[in-house]
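Undergrad:
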Amino acid sequence: MTSIVVCVKYVPDATAHRGFEADNTVDRLGVDGLLSELDEYAVEQALRLKEKAEDPESVSVTALTVGPEKAVDAVRKALQMGADAGVHVSDEAIAGSDAIATSLVLAAAVKKAAGGDVPDLVMCGMASTDGSMGVLPAMLAERLGVPQVTLASVVETQGDQVRIKRDGDTATEVIGGTMPLVLSVTDQSGEARYPSFKGIMAAKKKPMATYSLADLDVPADQVGLSVAWSVVEGTEARPPRSQGEIVKDEDGSGATALTEFMASKKFI
Amino acid sequence: MSEVLVLVDHADGVVKKPTFELLTIAKRLGEPSAVFIGPADAGMAAAESLGRYGAEKVYVVEDAEIAGFLVAPKAEALAQLVEKIGEGGPAAVLITSTPEGKEIAARLAIKTGSGLITDAVDVQPGDGAPVTTQSVFAGNYTVTAKVTQGTPIITVKPNAANPEESAGAGTVEAFAATISEAAKTAKIVAAQPREKSGRPELTEAAIVVSGGRGTGGDFAPIEALADALGAAVGASRAAVDSGWVPHTYQVGQTGKTVSPQLYVAAGISGAIQHRAGMQTSKTIIAINKDDEAPIFELVDFGVVGDLHTVLPAATDAINQRKG
Ligand SMILES: Cc1cc2nc3c(=O)[nH]c(=O)nc-3n(C[C@H](O)[C@H](O)[C@H](O)COP(=O)(O)OP(=O)(O)OC[C@H]3O[C@@H](n4cnc5c(N)ncnc54)[C@H](O)[C@@H]3O)c2cc1C
Ligand SMILES: Nc1ncnc2c1ncn2[C@@H]1O[C@H](COP(=O)(O)O)[C@@H](O)[C@H]1O
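Note that the protein sequences, when read in sequence, are chains A and B. Just so you know, we're using our numbering here: the first sequence kicks off at 141 and counts up by one. Just so you know, we're using our numbering here: the second sequence kicks off at 12 and counts up by one.
1) At a cut of 8 Å, does the region 116-134 of chain B reach the region 223-242 of chain A through at least three beta carbon pairs?
2) Give the DSSP-derived three-state secondary structure of residue 235 of chain A in the structure shown.
3) Just to confirm the assignment, what range does the alpha helix (DSSP H) spanning residue 168 of chain A have?
4) Return the bridge partner residues of residue 263 of chain A from the DSSP annotation.
5) So, under 8 Å CB-CB, residue 191 of chain A and residue 333 of chain A are touching, yes? Tell me the CB distance rounded to an integer number of Å.
6) Which partner residues of residue 43 of chain B appear in the DSSP bridge assignment?
7) For the region 206-238 of chain A, enumerate the residues whose C-beta is nearer than 9 Å to any C-beta of chain B, in chain order.
8) Which residues neighbour ligand 1 when neighbourhood means a C-beta less than 5 Å away from any of its non-hydrogen atoms? List them by chain order.
9) Assuming residue 105 of chain B contacts residue 154 of chain B (C-beta within less than 8 Å), just tell me the rounded distance between them.
10) Listed in chain order, which residues are found with a beta carbon closer than 7 Å to a heavy atom of ligand 2?
11) At which residues does the beta strand (DSSP E) containing residue 282 of chain A begin and terminate?
12) If distances are taken between C-alpha atoms only, which option among B:77, B:240, B:224, B:190 comes closest to residue 277 of chain B?
13) Quick one: is residue 194 of chain A near chain B, going by C-beta distance under 8 Å?
14) What are the residues of the region 15-41 of chain B that lie near chain A, defined by any Cβ-Cβ distance shorter than 7 Å?
15) From residue 323 of chain A to residue 69 of chain B, what does the alpha carbon distance come to, in whole angstroms?
16) Is the separation between the beta-carbon of residue 286 of chain A and that of residue 303 of chain A shorter than 8 Å?
17) Have a look at A:284, A:347, A:164 and flag the residue whose alpha-carbon is nearest the alpha-carbon of residue 257 of chain A.
18) Would you check if the distance between the CB atom of residue 82 of chain B and the CB atom of residue 47 of chain B is smaller than 8 Å?
19) Please determine, among A:199, A:338, A:279, A:389, the residue with the shortest C-alpha to C-alpha distance to residue 118 of chain B.
20) Check each residue of the region 93-110 of chain B: if its Cβ is closer than 9 Å to any Cβ of chain A, include it; give the result in chain order.
21) Let me confirm a value: residue 221 of chain A is counted as buried when at least 16 other C-beta atoms fall within 10 Å, else exposed. Which label applies?
22) According to the neighbour-count rule (16 or more other Cβ atoms, all chains shown, within 10 Å of its Cβ), is residue 306 of chain A buried or exposed?
23) Give me the Cα-Cα distance between residue 31 of chain B and residue 22 of chain B, rounded to the nearest whole angstrom.
24) Between residue 310 of chain B and residue 394 of chain A, how many whole angstroms is the CB-CB distance? I'm expecting something under 8 Å.
25) Tell me the DSSP bridge mates of residue 152 of chain B?
26) Determine the closest residue to residue 181 of chain B out of B:25, B:321, B:54, with distance taken between C-alpha atoms.
27) Here's the rule: buried if 16 or more other CB atoms are within 10 angstroms of the residue's CB, otherwise exposed. What is residue 155 of chain A?
28) Does any CB atom of chain B fall closer than 8 Å to the CB of residue 202 of chain A?
29) Using three-state DSSP, classify residue 139 of chain B as helix, strand or coil.
30) Decide yes or no for the touch test of the region 212-231 of chain A against the region 346-363 of chain A: beta carbon pairs closer than 8 Å, at least 3 of them.
31) In chain A, which residues lie less than 9 Å from residue 308 of chain B when you measure between Cβ atoms?
32) Would you be able to state if there are at least three C-beta pairs under 8 Å between the region 82-96 of chain B and the region 259-268 of chain A?
33) With a threshold of 8 Å between beta-carbons, can residue 151 of chain B be considered close to chain A, or not?
34) Chain B beta carbons: is any one of them nearer than 8 Å to that of residue 319 of chain A?
35) Between residue 1 of chain B and chain A, is there a C-beta pair that is closer than 8 Å?
36) Could you work out which residue in A:206, A:277, A:316, A:281 is closest to residue 296 of chain A when comparing CA atoms only?
This is the structure in structure tokens:
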């Protein structure tokens, strides 16, 4: 048996208006949300690992989210894509949690979802499209006491060995680790599939568990806005950029105007 | 005055510019101490430049047991150093906002029971803890925040400060970290260094010239203009996905965030994911043949025209002016 838990986040739609609540937390209810596009890549890679396995039935893919009531939509989308089971951790006390507290809840939930132990693979996206800290995978690895191999553009497994390719700034690297571990994938890892009609129908019958903090034995006083280890003191909308001068290029006039503009700003 | 730890970002001992920016910020907050993880002799050599930018102490952590592994051993070493400083700990730990920097910071935060703030574009002294400024939601909001628990751990974006020279003692102090077996589990099996372009680093450059799908795959005009301006070359995801340029050139949500003095977008439509990586640039110029391209909403100056004629003519004119 190989167990894979994919962490998926429900995020406000990036193309809709995004903003803050009065308490400076991200407005997660006033805007339409969806499964973070960057987590779709993680679901996709998990499904490919399952499909490539000698016996796909022996690989279980569970999609897990921590978030408000509506966040269940993110899990549902993962089930429609082909994940076997879903877990939704929802508890009023979690609202406003920072990454540190979220990782505490996620770590507990990941274990419970896998039957008590750390699953063979915990898969994440490279960053959430709202907070986009890109720190959760490392925090999860630290809390679970397992290695992290992050920002994979190519993922390969053989038995309990994992190899990934990563495009770093100074080098392209191959990184190896032994399961169990935390793995995150980038948007270079391969297009995520769309749910098929069959997938959408099948998803309705798949098991979906809902956990509260009590189910996870996480004390409510360790999470939430009031105990966050960092506080937002203020938020300010950036003044919209006002449009500057736009010229139409005719017979080389564009290049001349462009050069003059750059010179006037002392770039040349 | 409390120590402020700055993790040194270096390539084979050569200290990168953002580290000097961090030392400049550290000076505002307390007494800068650089932490150099690498070969001991390289650390000794780096101490000179670190001192020149204000480091009073340079902790050198010999990396015999650290090199070749991913972030976990570095986080362990830093956590032990934070503990050694003891008594209220350092006033802050500052780390450059690279993917590796952020992951080290994440593990360090959990290990030391501290709050974490990532991707700060400014850090100023504050009441009880430094006050950070971040740019969120594709650059549409500015947020100020503070760590309220443990040692403030802050990752800072390149260009958040102007590096200022300020003589520090730069006293080298060897620090022996104990690295656990558990931390040595994710190994770098192979690495192929990238060819150097000879141009400035994308995230550090004062000027960036980027090309998109509108280049049709020919980046020569983009590169020529970049070289005339001494700029870095960037790209949209469409150009990267087409295989025209490496992924490391990508600007945007899943690429680099840049905030240069001047950003030139040629043949780029200006999708929200691209804007996320460039809209805090001081001055923005676009060249696009579609006068309705959304990128024009952001520009200080725009040319509606074909980049294949506008860019080479502008490049010639610039080279001529330079004489
Ligand atoms: C999860 C996610 C993450 C993403 N992350 C990023 C990211 O990090 N960075 C990023 O850039 N994108 C990102 N994208 C993709 C983004 O949505 C756009 O698809 C992409 O930015 C488009 O690139 P483009 O502007 O080069 O191409 P297009 O949108 O096709 O625009 C090409 C432009 O070139 C102009 N043009 C054509 N020919 C010429 C010519 N001869 N001269 C002048 N102009 C010409 C056209 O008028 C057009 O405006 C992401 C998308 C998703 C879903
Ligand atoms: N609330 C959440 N529920 C489930 N997974 C999450 C949550 N927050 C973050 N993640 C995972 O962690 C990754 C990185 O998130 P972040 O550090 O917030 O950018 C995401 O791509 C997800 O895979």
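Note that beta-carbon positions come from the ideal geometry of N, C-alpha and C, so glycine has one too.
TA: Per the coordinate set shown:
1) Touching, yes, given that three or more Cβ pairs across the two stretches are closer than 8 Å.
2) Per DSSP, reduced to three states, the secondary structure at residue 235 of chain A is coil, with no helix or strand assignment.
3) Following the DSSP letters along the chain, one finds residue 168 of chain A in no alpha helix (DSSP H), marked with neither H nor E.
4) DSSP, once it has assigned bridges, lists A:146, A:323 as partnering residue 263 of chain A.
5) Residue 191 of chain A to residue 333 of chain A, Cβ: 11 Å. No contact.
6) Paired residue(s): B:15.
7) Here the close residues are 238.
8) After applying the 5 Å Cβ criterion, the set is A:177, B:223, B:224, B:225, B:247, B:248, B:249, B:263, B:264, B:265, B:266, B:278, B:279, B:280, B:282, B:284, B:285, B:299, B:300, B:301, B:304, B:317, B:318.
9) The C-beta separation of residue 105 of chain B from residue 154 of chain B comes to about 18 Å, leaving the pair out of contact by the 8 Å criterion.
10) Selection output, chain order preserved: A:147, A:148, A:149, A:176, A:178, A:179, A:182, A:204, A:205, A:206, A:207, A:239, A:242, A:246, A:264, A:265, A:266, A:267, A:268, A:271, A:272, A:273, A:274, A:275, A:276, A:277, A:324.
11) Residue 282 of chain A -> not in any beta strand (DSSP E); alpha helix (DSSP H) instead, spanning 276-284.
12) Relative to the Cα of residue 277 of chain B, the nearest Cα in the group B:77, B:240, B:224, B:190 belongs to B:224.
13) No, residue 194 of chain A lies away from the interface with chain B (no Cβ there is under 8 Å from its Cβ).
14) Correct list: 22.
15) Cα to Cα, residue 323 of chain A sits roughly 34 Å from residue 69 of chain B.
16) No, Cβ-Cβ distance for residue 286 of chain A and residue 303 of chain A is not below 8 Å.
17) When each option's Cα is compared against that of residue 257 of chain A, the closest is A:284.
18) Going by C-beta atoms, residue 82 of chain B is not nearer than 8 Å to residue 47 of chain B.
19) Per the Cα distances, A:279.
20) Considering only beta carbons, the part of the region 93-110 of chain B lying closer than 9 Å to chain A consists of 109, 110, in chain order.
21) Residue 221 of chain A should be labelled buried.
22) With 16 or more Cβ atoms within 10 Å of its Cβ, residue 306 of chain A is classed as buried.
23) Looking at the backbone, the Cα of residue 31 of chain B and that of residue 22 of chain B are separated by about 14 Å.
24) A Cβ-Cβ distance of about 13 Å is found for the pair residue 310 of chain B and residue 394 of chain A, leaving them out of contact under the 8 Å criterion.
25) BP columns for residue 152 of chain B point to A:377, B:147.
26) When only C-alpha atoms are compared, the closest one is B:54.
27) Looking at its Cβ environment, which holds fewer than 16 other Cβ atoms inside 10 Å, residue 155 of chain A is exposed.
28) No, its Cβ sits nowhere closer than 8 Å to a Cβ of chain B.
29) Note: residue 139 of chain B maps to coil in three-state DSSP.
30) Yes: at least three Cβ pairs fall under 8 Å.
31) Within 9 Å Cβ-Cβ: 380, 381, 383.
32) In this structure the region 259-268 of chain A does not lie against the region 82-96 of chain B, because fewer than three pairs of beta carbons, one per stretch, are closer than 8 Å.
33) It does; some Cβ of chain A falls within 8 Å.
34) Residue 319 of chain A does not count as touching chain B.
35) With chain B covering only 12 through 334, there is no way to say anything about residue 1 of chain B.
36) Measuring from the Cα of residue 296 of chain A, the nearest candidate turns out to be A:316.
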